[in-house]
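What follows is a single structure, written as structure tokens, with notes after it.
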Amino acid sequence: MAIGIAVVLLGAMALDTRVVTIGSEAELLDDGFSAERFGAEHFPIVRASVEERAVEAGQLAAAIAEDKTAAGERHGVPAGIGPVVPVSFSGVVGEGKAGIYTVDVAGVPDDLTIRVQTGPAINGTDLRDATGTIRFGQFTNQIEYQDAAAAINDEMKAQVLADIDTGELTGKTVSVSGVFKLINPHNWLVTPVRLDVQ
Numbered sequence: 013m014a015i016g017i018a019v020v021l022l023g024a025m026a027l028d029t030r031v032v033t034i035g036s037e038a039e040l041l042d043d044g045f046s047a048e049r050f051g052a053e054h055f056p057i058v059r060a061s062v063e064e065r066a067v068e069a070g071q072l073a074a075a076i077a078e079d080k081t082a083a084g085e086r087h088g089v090p091a092g093i094g095p096v097v098p099v100s101f102s103g104v105v106g107e108g109k110a111g112i113y114t115v116d117v118a119g120v121p122d123d124l125t126i127r128v129q130t131g132p133a134i135n136g137t138d139l140r141d142a143t144g145t146i147r148f149g150q151f152t153n154q155i156e157y158q159d160a161a162a163a164i165n166d167e168m169k170a171q172v173l174a175d176i177d178t179g180e181l182t183g184k185t186v187s188v189s190g191v192f193k194l195i196n197p198h199n200w201l202v203t204p205v206r207l208d209v210q
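The sequence shown begins at 13 in my numbering and counts up by one.
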């Protein structure tokens, strides 16, 4: 009887098994989630959206000072504890620590600190959340969702920061387009989608 059960079980397993030859079309069609591919495909979309919607820093700071909630709703995309807001600015780079530099931007209030991430570590999910079109339900689990954010950050580093000496920015003038999470209206940590050194 045990042999009969084993034969039936093996038969069922064989019927439920699909053989996929390496390099075949079936393998290419069913290779699952690839964070690297996702980042490469989606960063250009994120960058285009951010650059199209970016608000000049002085104008944005004035809107936030007038009504933070309304400014976030008007210019940003909801993302958990605060909206992700696109911004653009030019300024002189100040001191940096761990790849995060302050930028002295003309036309913003004195009590506003603007910082920009330049790596090597790019933290946060602001780029993933910047458009409002990448949602948790598109992914199998939280790990894939986080991996998608990291992959977009990595693609930004490759396309935006790779040719910049991010260790020697102090004193230089930069033009930046990017996003930040609007939590503290007096302290913006911007993740760039474009950073040009003049």
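Just so it is clear, CB atoms sit at the ideal spot from N, CA and C, and this is done for glycine as well.
Because the structure is a prediction, the values reported are computed rather than measured.
Own chain partners of residue i with C-beta closer than 6 angstroms, once the 5 adjacent residues on each side are dropped
i	result
P197	I76, K80
E167	G51, A52, F55
A83	A75, I76
D161	The residue asked about is misnamed: residue 161 is Ala in this sequence, not Asp. The answer, listed in chain order, is T137, R140.
Check whether residue i and residue j have beta carbons under 8 angstroms apart
i	j	result
A69	V89	no
V117	L181	no
V191	V96	yes
V172	V209	no
A142	V58	yes
Local Cβ density within 10 Å of residue i, reported as buried at 16 or more and exposed below that
i	result
M13	exposed
S189	buried
G92	exposed
T152	exposed
I15	exposed
Nonlocal neighbours in the same chain, by C-beta distance under 7 angstroms from residue i, ignoring five residues either side
i	result
A66	P98, V99, S100, S189
A163	A47, E48, F50, G51
N165	I134, L139
8 angstroms Cβ shell around residue i - same chain, five flanking residues per side excluded
i	result
E156	F45, A47
Residue i versus the options, residue with shortest Cα-Cα distance
i	options	result
D122	V58, K184, N199	N199
N135	G111, G119, T125	G111
L124	L27, P204, L194	L194
G131	G23, R49, K109	K109
V115	I17, L207, I15, L22	L207
I146	S61, V128, Q129	S61
Q71	E107, V120, Y113, G23	V120
I176	D159, Q129, F148, Q150	Q129
Whole-number beta carbon distance between residue j and residue i, since they are thought to touch under 8 angstroms
i	j	result
V205	E63	6 angstroms
Chain D contact for residue i (CB, 8 angstroms cutoff)
i	result
A75	Reference to chain D is not applicable here, since this structure consists of a single protein chain.
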